[in-house]
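Numbering (the working numbering), first residue to last: 90 to 201. We treat Cβ as the ideally placed atom computed from N, Cα and C, and that holds for glycine.
What follows is the structure in structure tokens.
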């Protein structure tokens, strides 16, 4: 059971904190605790753009988490090198190197 807005310890990032509480996602949809379905048009960051509840993605994350959940960007990892190679193979023109970052603002700061 969820706590009421008056006692909720969660800091809402909106002046309208009465938005639905999301319980789970399936593909491109999110579902609230009442079972109502919403199209996730925000997708957020990282793997959400491929959909929620994608078993293949969950298995890959589980497998990698069993090995290493994070590596500092100065240390390459096998999955990082493998993905960079796949991206470089399909990139247009002479784009042959990949630089992984976490966010748009980080991308801008790195480019400058």
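Taking the alpha-carbon of residue i as reference, which of the options has the nearest alpha-carbon?
i           : options            : result
residue 153 : 168, 123, 111, 120 : 168
residue 131 : 186, 165, 119      : 119
residue 112 : 102, 151, 123      : 123
CB-CB under 8 Å to residue i, same chain, minus the five flanking residues each way: which ones, in chain order?
i           : result
residue 125 : 109
residue 199 : 188, 190
residue 177 : 184, 185, 186, 187
Count the other CB atoms within 10 Å of the CB of residue i; is the residue buried (16 or more) or exposed (fewer)?
i           : result
residue 172 : exposed
Please go through the same chain and pick out, in chain order, the residues whose beta-carbon is closer than 6 Å to the beta-carbon of residue i, but skip the five residues on each side of it.
i           : result
residue 162 : none
residue 116 : 140
residue 166 : 160
Checking the sheet assignment: what are the DSSP bridge partners for residue i?
i           : result
residue 119 : 114, 127
Enumerate in chain order the residues of its own chain whose CB-to-CB distance from residue i is below 7 Å, with the five nearest sequence positions on each side excluded.
i           : result
residue 174 : none
Start-end ranges of the beta strand (DSSP E) lying completely within the segment 125-169, minimum 3 residues: 126-128
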